[in-house]
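Chains as they are written, first to last, in my numbering: chain A, 59 to 174; chain B, 882 to 993.
Ideal Cβ placement from N, Cα and C applies to all residues, glycine included.
Right, here's the structure in full:
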C-alpha cells in the first residue's frame, strides 16, 4: 500500500519540551512539506524540502526544525521556542520537481499536538 | 490582502443543487491551481487541479479558471450530503516546482 504515514496521531507536550513528529512516505516522491492548521483556518507552510539534504523555510518556520536525510522521511521537531504549538500538523508529499503534476500534494493523516 | 482568498462561508445548499465555491488570488503570474476537500477532523485530499483557462470536468466536479480575472471556482453538481466538507483552494506560481499557498477554506453543508 503506497501512502504517507504520520505518527503519533495524538501528542501531548509539556511546557519547555521538544517533540518530534514523524512523516514517512513510500510514494517515491521527491518533495515533502509540513503544514500547521489551527481551528477554522487554512494551512500554513512550516518547512518544505524538494530534495534530500535540502529544505527551505515556509511562512511560519520559527520554533520548528526539520531534517531530510532520506527521501522517504521528513521529521518535524517542535521546539520549546514555539510558544503556541497546539495545532493539527499535516505532512504532504508531491512527485518530482520538473513534472507537470509536481504541485499536486498528497497528505498524511495528521498529528494533533496539544500543550499541557 | 491575502494571497489566496475564498468565500468566508459557510455555504449551505439543498441536496441535488449546484454548489459554487470561489477563490481569488493576488499574484497574476500564478500557473497552477488546486481544490482540496477536507472532512472535519481529517486531512485534505486533492479533488481537482487546473492549469489552463477554461473549464475542467471530472464527474460531478467542474473547475473553472480565469487568469485574466485571477479567479478559480469549483462547481459541484447534484450535491450530496457526503459533499459536506471544507474546500481549500491552493495556488502555485509554477507548474513543476515551488510551493503552494492555501486559502482559509469554505465550509459547505449539503442538506438532505
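Distance CB(residue 892 (chain B))-CB(residue 990 (chain B)) smaller than 9 Å: yes
Meets three-Cβ-pair contact criterion under 8 Å: the segment 907-914 of chain B and the segment 968-975 of chain B: With contact defined as three or more Cβ pairs closer than 8 Å, the segment 907-914 of chain B and the segment 968-975 of chain B are in contact.
C-alpha distance - residue 85 (chain A) paired with residue 152 (chain A), whole-angstrom precision: 9 Å
For residue 96 (chain A), the three-state DSSP class (helix, strand or coil): DSSP places residue 96 (chain A) in coil when its eight states are reduced to three.
Proximity to residue 161 (chain A) [Cα-Cα], best of A:99, A:80, A:106: A:106
Amino acids of chain A, ordered along the chain, whose beta-carbon sits closer than 7 Å to that of residue 985 (chain B): 99, 100
Separation of residue 967 (chain B) from residue 100 (chain A), as counted between CA atoms: 10 Å
Test item: CB-CB of residue 925 (chain B) and residue 917 (chain B) under 9 Å: yes
Residue 64 (chain A) vs residue 135 (chain A) beta-carbon contact at 9 Å: no
CB contact flag (residue 139 (chain A), residue 94 (chain A), <9 Å): no
Beta-carbon proximity list for residue 882 (chain B), same chain, < 7 Å, skipping 5 on both sides: 907
Proximity to residue 174 (chain A) [Cα-Cα], best of A:110, A:126, A:68: Out of A:110, A:126, A:68, A:68 has the C-alpha closest to the C-alpha of residue 174 (chain A).
Contact residues within the segment 885-908 of chain B, judged by C-beta distance below 9 Å to chain A: 885, 887
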